[in-house]
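First up is the structure itself, then whatever we jot down about it.
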Amino acid sequence: MLTATDLVFRAGRRALIDRISASFEPGRLHLIIGPNGAGKSTFIRLLARLLRPAEGSVLYDGHDVARRNERELAQCRAVLSQAVEVAFSLPVRDLVQMGRYPHFTARPGAGDLQICEEVMQFFDVTDMADRSYGTLSGGEKQRVQFARVLAQIWRPLGDATRILFLDEPLTFLDIRHQIDFMEKVRTFASQKDVVVVGVVHDLNLAAHFADRLILLDRARILADGATREVLTEEHLRTAFAVAPVLLTNPVNGRVHLAFEAGVPPEDLKPVEG
Amino acid sequence: MKGRRADRWCLVLLFLLMIATTVASIRYGAMDFSVHDMAAAAWGKLSGNPNLPLDQRIFIELRVPRAILCLLVGACLGVGGTLMQGLFRNPIVEPGLVGTSSGAAFGAALFYVFGALLKISFGGWTLPLAACAGGVLSTYLVFALAHTRNEGRSSILLLLLTGLAINALFMSGIGFLSYVARDPAARSIIYWNLGTLSGADWNSVLVVGVATFGGLVPAIVLAKPLNALMIGEDEAVALGVNVRRLKWTVLTINVLMVAVATAFTGVISFVGLIVPHILRIIRGPDNRFLILGSSFLGGILLSIADLIARVSLRPAELPIGIVTAVVGVPVFLSLLQSRDYLS
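Line by line, the protein sequences are chains H and V. Just so we're aligned, residue 765 is where the first sequence starts under the working numbering, counting upward by one. Just so we're aligned, residue 3 is where the second sequence starts under the working numbering, counting upward by one.
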């Protein structure tokens, strides 16, 4: 269980996150959507404690993360961000092993190595284990990074919930890899002791995969709930200033969005309040 | 892991190579010693003979400490370079680029010019202390000025340019001091700026030895967090690294090692730059190998450079900083051309 209470984060005087509270349950896939500058990335970085809030608190299993040390936290919380730049080119296997860093002191144990092999299998990167990271394509790199991140929290921890954050992990991937990724995330998120919170840019992809959507707009939560409750015409007009056409995906019965072009801005007037 | 085993063999090989260059370095110089001479001198010293012949005393009191100092200073510069490159995630950083060496040189120049005037003296320790203080001051200045408000990150370009400016400032200070200084002091400043190991004695070996091991041991422990830093600051934090603490520890170790080494030998450039780079080509960027490896290879390269410095103009000596620069500049330039490192 992951709970955020009254989070505030400012850059200068401007609030990037303005008193947001939310809680996230295990076994479900939570996706955060919203227009550019709404505070999605800041929100997820606060939840992951990559940033410290000016006010409010984040609790993992009821414990305030502000008081935990880095390593302890890293044993139950992993973060995948959009483009990881590696300063010196490493073999893929070494990079994936980094995911186990919070769990061993000097060198990886047999269990750690076993986990790395399993994760590489899961992401289908075993073949490139000995290749240098710099020689991989963009999609392959992201798969390797995902393997590294999941290696961190691959096995259940007993009493502690494992938490996975995804900060726009699909950028730079083609549609096949995007779907493939999301399928894997959903498989991982279906475990009873795993909380997954992600930021996704593509609304249709979010609609397709999310168990719950959180729509951020101007540093606050505009809507939060099931896909159909969140992706309404009113919400989309307010947040994105577009004219949406709500369709139903014939395959899975979920919402599918199209957009009307050429609508004059005054007709898109967001509902203030 | 076969990779780790190969690393271990590589370290053993480097260690043996270091022993070999050290033997060569104590054998040749202004005066060559045969193995028999060396054994006789060592035996004479160990058996406590007070009346060693002059050549044997030269060997014990100058040649051997000089060879050991070479290893220690080389190790300091090599490890300092590896740590800085790891911290800044960039292979063109060396301790000199962030001001440590020019600050230390300025401290030393101040000592040469004003040391006699001021009544403060710590005996043989005054010069190293002055150089250390200068090194710490200039490094601190560079980092304080290169610190952006952008979440406390020092961008590499900003850091290099600030380093350039601070280096210029301290170099002009050194220039001014050597301009106003009278002759013995002025010559000392110039000589010291070019780097030399001719001042080596057992006392300097002791001090630099303490700094070398005092820096190397904690540096080895930092290998894992430095590895994590390769994939980025946020990623390292997500992997449980306290990046803030890591930064300060690395900078402290680097200033300790480089400023103390520079204090006794003067400015020796490019060793800290090239050593980690060569090792990365041989075995990859894993800091668990790189840190210990660069202490060995630093010693090896500096021993070879010192040997060249001593034998090329026999019986006179070339300043070692000239040797390392002549070899180092082409390597540095080819590095700059081979990839875009300034991002």
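Yeah, the Cβ is synthetic: ideal placement off N, Cα and C, and Gly gets one too. These numbers were taken from a predicted model, which means no experiment stands behind them.
A direct Cα-Cα distance of roughly 57 Å separates Thr1012 (chain H) from Ala146 (chain V). For Leu315 (chain V), the closest C-alpha among the options V:Tyr30, V:Leu54, V:Gly82 and V:Trp250 is that of V:Tyr30. In terms of beta-carbon proximity, Val239 (chain V) lines the interface with chain H, with at least one pair separated by less than 9 Å. For Pro130 (chain V), the number of other beta carbons within 10 angstroms of its own is at least 16, and it is reported as buried. Membership of Gly962 (chain H) in the beta strand (DSSP E) is indicated by the continuous run Val958 to Val963. If you ignore the 5 residues before and after Thr164 (chain V), its C-beta comes within less than 6 Å of the C-beta of Val144, Leu147 and Ala148, all in its own chain and listed in chain order. With 16 or more other Cβ atoms from the protein chains shown falling within 10 Å of its own Cβ, Lys226 (chain V) counts as buried.
Residue environment: Glu1030 (chain H) is assigned as exposed (fewer than 16 neighbouring CB atoms within 10 Å of its CB, all protein chains considered). Contact between Leu934 (chain H) and Phe945 (chain H) is confirmed by a C-beta separation of about 6 Å, below the 8 Å threshold. Distance check between Thr264 (chain V) and each of V:Gln58, V:Cys72 and V:Phe334 places V:Cys72 closest, using alpha-carbon atoms only. The beta carbon of Leu231 (chain V) falls within 9 Å of a beta carbon belonging to chain H, placing the residue at that interface.
Here Leu771 (chain H) is bridged, per DSSP, to H:Ile784.
The Cβ atoms of Ile879 (chain H) and Arg912 (chain H) do not sit closer than 9 Å to each other. The Cβ atoms of Asn289 (chain V) and Asn244 (chain V) lie no closer than 9 Å to each other. Of all alpha-carbon atoms in V:Val257, V:Gly46, V:Gly83 and V:Ala41, the one lying nearest the alpha-carbon of Leu299 (chain V) is that of V:Gly83.
Note that the segment 822-832 of chain H does not touch the segment 871-878 of chain H; fewer than 3 beta-carbon pairs, one per stretch, sit closer than 8 Å. Using a 10 angstroms sphere on the CB of Gln861 (chain H), the tally of other CB atoms reaches 16 or more, which defines it as buried.
Taking 9 Å as the threshold, the shortest C-beta distance from Leu1011 (chain H) to chain V does not fall below it.
Arg1001 (chain H) and Phe773 (chain H) have their C-alpha atoms some 26 Å from each other. Closest option to Val277 (chain V), judged by alpha-carbon separation, among V:Pro52, V:Val252, V:Val333 and V:Asn53: V:Val333. Less than 9 Å separates the beta-carbon of Ala261 (chain V) from that of Gly136 (chain V).
Judged by DSSP in its simplified three-state form, Phe868 (chain H) adopts coil rather than helix or strand.
DSSP places Phe886 (chain H) in the uninterrupted alpha helix (DSSP H) bounded by Ala874 to Phe886.
A distance below 9 Å separates the beta carbons of Lys905 (chain H) and Val848 (chain H).
Along the segment 41-68 of chain V, the alpha helix (DSSP H) occurs as fully enclosed runs of 4 or more residues at 56-60, listed in sequence order.
At a C-beta separation below 8 Å, Lys47 (chain V) has no neighbours in chain H, since its nearest C-beta there lies roughly 40 Å away. Taking 7 Å as the cut-off between beta carbons, none of the residues of the segment 879-907 of chain H comes near chain V. In the DSSP assignment, Asp236 (chain V) falls within the unbroken alpha helix (DSSP H) covering Glu235 to Ala240.
Distances from the alpha-carbon of Ile978 (chain H) to those of H:Thr767, H:Lys804, H:Val1019 and H:Glu1024 put H:Lys804 closest. Of the residues assessed, Gly105 (chain V) falls on the buried side of the cut-off, its CB having 16 or more other CB atoms within 10 angstroms.
Listed by position along chain V, the residues whose Cβ is nearer than 7 Å to that of Leu837 (chain H) are Gly242. For His827 (chain H), the secondary structure class from DSSP, reduced to helix, strand or coil, is strand. When CB distances to chain H are screened at a threshold of 9 Å, the residues of the segment 269-299 of chain V falling below it are Arg282, Gly286, Pro287, Asp288 and Arg290, in chain order.
In the three-state scheme derived from DSSP, where H, G and I count as helix and E and B as strand, Leu275 (chain V) is classed as helix. By the rule that beta-carbons nearer than 9 Å mark a contact, Tyr824 (chain H) does not touch chain V. Going by beta carbons, Gly863 (chain H) and Leu241 (chain V) fall inside the 9 Å limit.
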